[in-house]
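Count along the sequence shown from 1, then add 96; that gives the number in my numbering. What follows is a set of notes on a single structure, which appears directly below.
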Amino acid sequence: MKLFPYGHATHPQWEMAAGLVLAQLRAHMALPEYASAPHLGLLYITDHYANHAQAILAHLSAELPEVTDWAGTVGVGIAANNVEYFDEPALSVMLCDIAPEHYRVFSGVAPLAQAGTTGSHFVPHTALLHADAQTPDVPELIAELAQRTASGYVFGGLAASRRDVVQFALNGDGNMAGQGKASGVFHGGLSGVAFDADVAMVSRVTQGCLPVAKAHTITSADNHVVLTLDNEPALDVLERDLEINLTDTQPAIAKVRATLVGLSAEHDASIKRTGEFDDAVLVRHIIGIDPAREAVAVAQPVDVGMRLTFCQRNAAAARADLTRICAEIREALEPEEMTADLAGALTADTNINPHPARRMAGAIYVSCAGRGGPHFGGESAEMHIVRRALGDVPLVGFFAGGEIAHQALHGYTGVLTVFTTEV
C-alpha cells in the first residue's frame, strides 16, 4: 500500500476547485511513493456545493476513470491535511490505494450484507460510515450496521448541511446491485465503505468536554428524564454540581444551557490523564428541567444504573486529548526498537513524504462542527495539531453533525483513523 494521493481547494465556482484538486491528485500520482492507479475515492464537500453534488461526482469520475468507486458526504466544514474550510465553498478528495477485493461501497439501496449471508467471499471487518441525521432511528441503524462487521467497529459521522444533505456512494460503472438508475448521489439513510481484515488501520476517539463534578449513578429514570441521581432528586444534584440556584433564573439557566451530560453504561465513567472522559462516554445535551418532578431531561434515553456526569466544553482539554490520540497512533505505528538516527528522522519528519517507518498511507478525520475553528484557538488550529503530531500524512475529512465510533453516535468528539502500510 502506497501513500494515498489527495487534494483540496476552495473557489466560488466548483469547476475551478475541482480543477485545482485534480491537479494536486495527478501531481501526487506521478510520484513513486504515491499510488498511481487507485480505485477508491473519498469525496467531501462543504454545503456551499451541495446543490452541485451530482455534477461534481460526474466530473471527477470522468476525469479519473481509474477510480471506479466513490464514497463521501457533505459537511458545514471539511478538513484536509493542515487546513479546515468553514463557511466557504470547498472540496477535498483522497484516493485510497486499496484493492477492490478488500472493500465494498454500500448505500441504503445497496446495503452491506452481513458476513456469511451471501455467496460473496468478502467479509466486512470494519466500515467508514456516513449517515443523514434526519433518518429515523439513526443510532439504532448505526449499531445494527456495526453488527454486520466482524470487529463491531465503525467510524464516520452524520452529514451536516444548511442546504441539500447528500451522500456519495458509487460502485464500478454506477450500477450497484439494487441501485437501479441512482447515479451515486443519495439522500437519507446510511452509506459508506466496508473494509475487510486485510486493510490495516488504527482508529482513536478524542472527547471535547471536561467533567465539572464527580460521576453519579442514575437511580430512577423515565425514558429521557433523569429523576434521581444517587437517590437524590436530579435537579438538586444539578444545582449543587453547577453551584447555581434556580430561583436566580437568568444566570442559572445560562449556566445550564452551557452544560452537557456525559453518560456511560459502565460502572464508572473513566477519566483520562488529560482530564476528559474516555471514549465509552456519550456526551449529550440537557434538553429541559422539570421542577415539578425535580428532574432533568437529556437528549438520550437513560436507564437505571447508568453513570452521569455534568460537563462542559473545554478547549484546553480538547487540545490536550487530540494530541494524546495522535501520540498513541504514532506509538502504535512506529517500530518498537529503533536506532538513534531513525528516532531523530521520525522526530523531524514534517515533509511531504512521511518516513517509511511511520507506516501511514492516509487518514480520515471526522470532527464535530462545534469543535472546529475558534474552539481550538484559531483558524485551522485543530488540523494544525494533527499535522504537528502525525506529519504531512494524506488526510481528508469533514465536520459533522454527530460523530460515529465503535457502535455509537457521539457529540463534541473527533474520530481519527489512519490507514497503515505494510511493515
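Even glycine gets a Cβ: it sits at the ideal position worked out from N, Cα and C. In this text the structure is predicted, and so the values were computed from the model without any measurement.
Below 8 Å on the Cβ atoms is my guess for Arg467 versus Ala388; work out the distance and round it to an integer in Å. Counted from its first residue, the sequence shown places residue 467 at position 371. Counted from its first residue, the sequence shown places residue 388 at position 292. About 36 Å; that fails the 8 Å criterion.
Collapsed DSSP secondary structure at Arg122 in the structure displayed: The sequence position of residue 122 within the sequence shown is 26, counting from 1. Arg122 falls in the helix class under three-state DSSP.
Counting only the same chain and skipping the five closest in sequence on each side, list residues whose C-beta sits under 7 Å from that of Glu184. To locate residue 184, count along the sequence shown from 1; it is residue 88. Excluding residues within five positions, the ones whose Cβ falls inside 7 Å are Thr106, Thr142 and His144.
Does the stretch 253 to 262 touch the stretch 226 to 243, meaning 3 or more C-beta pairs lie closer than 8 Å? yes
Closest Cα partner of Val514 within the set Leu237, Gly507, Glu427 and Asp417: What you label residue 514 is simply residue 418 of the sequence shown in a count that begins at 1. Comparing Cα positions, the closest option is Glu427.
Taking the CB atoms as reference points, tell me whether Ala477 and Val289 lie closer together than 8 Å. In the sequence shown, counting from the first residue as 1, residue 477 sits at position 381. In the sequence shown, counting from the first residue as 1, residue 289 sits at position 193. For Ala477 and Val289, no; Cβs fall outside 8 Å.
In angstroms, rounded to a whole number, what distance separates the CA positions of Thr446 and Leu486? By one-based count along the sequence shown, residue 446 stands at place 350. By one-based count along the sequence shown, residue 486 stands at place 390. Any reading at Thr446 is ruled out, since the residue's pLDDT is 45, under 50, leaving its predicted position unreliable.
Apart from the five residues on each side of it in sequence, which residues of its chain come closer than 7 Å, Cβ to Cβ, to Pro329? For the purposes of this step, residue 329 is taken as the residue at position 233 of the sequence shown. Result list for Pro329: Glu390, in chain order.
Identify whether Phe472 lies in helix, strand or coil by the three-state DSSP scheme. The count along the sequence shown starts at 1 and reaches residue 472 at position 376. Of the three classes helix, strand and coil, the one that applies to Phe472 here is helix, per DSSP.
May I ask which residues mark the beginning and end of the beta strand (DSSP E) holding Ser257? Residue 257 sits at position 161 when you count from the first residue of the sequence shown. That residue, Ser257, is in no beta strand (DSSP E); it is neither H nor E in DSSP.
Go ahead and pull the three-state DSSP assignment for Tyr145. The residue given as residue 145 occupies position 49 in the sequence shown. Three-state result, Tyr145: helix.
Does the stretch 314 to 324 touch the stretch 348 to 355, meaning 3 or more C-beta pairs lie closer than 8 Å? no
What are the boundary residues of the beta strand (DSSP E) that includes Ile382? For the purposes of this step, residue 382 is taken as residue 286 along the sequence shown, with counting starting at 1. Ile382 -> beta strand (DSSP E) spans Leu378 to Asp386.
With DSSP collapsed to three states, give me the class of Ala113. Position 17 of the sequence shown, counting from 1, holds the residue named residue 113. Looking at Ala113 - three-state DSSP - the assignment turns out to be helix.
Look at the Cβ atom of Cys422, then the Cβ atom of Gly304, and state whether they are nearer than 8 Å. Within the sequence shown, the letter at position 326 stands for residue 422. Within the sequence shown, the letter at position 208 stands for residue 304. Contact flag unset, no.
With a threshold of 16 other CB atoms inside 10 Å of the CB of Thr345, please say whether the residue is buried or exposed. For the purposes of this step, residue 345 is taken as the residue at position 249 of the sequence shown. It is exposed - the Cβ of Thr345 has fewer than 16 other Cβ atoms within 10 Å.
Within 10 angstroms of its Cβ, does Met575 collect 16 or more other Cβ (buried), or is it exposed? Summary: the structure shown does not reach residue 575, with the chain confined to residues 97 through 519, and so no result is reported for it.
From what residue to what residue does the beta strand (DSSP E) around His480 run? Sequence index remark: in the sequence shown, residue 480 carries index 384 (1-based). Unbroken run through His480 is the alpha helix (DSSP H), Ala477 to Leu486; no beta strand (DSSP E).
Under the rule that 16 or more other beta-carbon atoms within 10 Å means buried, what is Ile152, buried or exposed? By 1-based counting over the sequence shown, the position of residue 152 is 56. So Ile152 counts as buried.
Work out the CA separation of Ala459 and Asn178 for me, nearest whole Å. By 1-based counting over the sequence shown, the position of residue 178 is 82. By 1-based counting over the sequence shown, the position of residue 459 is 363. Roughly 12 Å separates the two Cα atoms.
According to DSSP, simplified to helix, strand and coil, what is Glu197? Taking the first residue of the sequence shown as 1, we reach residue 197 at position 101. If DSSP states are grouped into helix, strand and coil, Glu197 belongs with the helices.
Member of Gln396, His104 and Pro220 whose CA lies at the smallest distance from the CA of Leu359: Here residue 359 refers to the residue found at position 263 of the sequence shown. Looking at the Cα atoms, Gln396 is the closest of the given residues.
Counting only the same chain and skipping the five closest in sequence on each side, list residues whose C-beta sits under 6 Å from that of Val298. For the purposes of this step, residue 298 is taken as the residue at position 202 of the sequence shown. For Val298, where only same-chain residues beyond five positions count, the Cβ hits under 6 Å are Ile425, Ala428 and Val514.
Which same chain residues end up closer than 7 Å to Met402 when comparing Cβ atoms and leaving out the 5 residues on each side of it in sequence? Numbered from its first residue, the sequence shown carries residue 402 at position 306. Excluding residues within five positions, the ones whose Cβ falls inside 7 Å are Ile314, Leu359, Ser360 and Ala361.
Please classify Ser247 as buried or exposed, where buried requires at least 16 neighbouring CB atoms within 10 angstroms. The residue you call residue 247 lines up with position 151 of the sequence shown. Ser247 is exposed by the Cβ-count criterion.
Looking at the unbroken alpha helix (DSSP H) that takes in Val392, where does it start and where does it end? Translated into the one-based positions of the sequence shown, residue 392 becomes position 296. Unbroken run through Val392 is the beta strand (DSSP E), Ala391 to Val394; no alpha helix (DSSP H).
Report the three-state DSSP secondary structure of Leu187 (helix, strand or coil). To locate residue 187, count along the sequence shown from 1; it is residue 91. Strand.
In the DSSP assignment, find the alpha helix (DSSP H) that holds Ile314 and state where it starts and stops. Numbered from its first residue, the sequence shown carries residue 314 at position 218. Here Ile314 belongs to no alpha helix (DSSP H); instead the beta strand (DSSP E) covers His312 to Asp318.
What did DSSP end up calling Ser247 once you bin it into helix, strand or coil? The residue labelled residue 247 in the question sits at position 151 within the sequence shown. Ser247 falls in the coil class under three-state DSSP.
Since Pro307 sits in a beta bridge, which residues does DSSP pair it with? On the sequence shown, residue 307 is found 211 positions in, with the first residue counted as 1. Note: Pro307 sits in a beta bridge opposite Cys407.
For Leu404 and Val189, I'd like the C-alpha separation in whole angstroms. As a first step, residue 404 is located in the sequence shown; it is residue number 308 there, counting from the start. As a first step, residue 189 is located in the sequence shown; it is residue number 93 there, counting from the start. Their Cα atoms are separated by approximately 39 Å.
Check whether the Cβ atoms of Val172 and Phe495 lie closer than 8 Å to each other. Position 76 of the sequence shown, counted from the first residue, corresponds to residue 172. Position 399 of the sequence shown, counted from the first residue, corresponds to residue 495. Yes, they are a contact pair.
For Asp165, which residues does DSSP report across the bridge? Sequence index remark: in the sequence shown, residue 165 carries index 69 (1-based). Beta-bridge pairing links Asp165 to Leu136.
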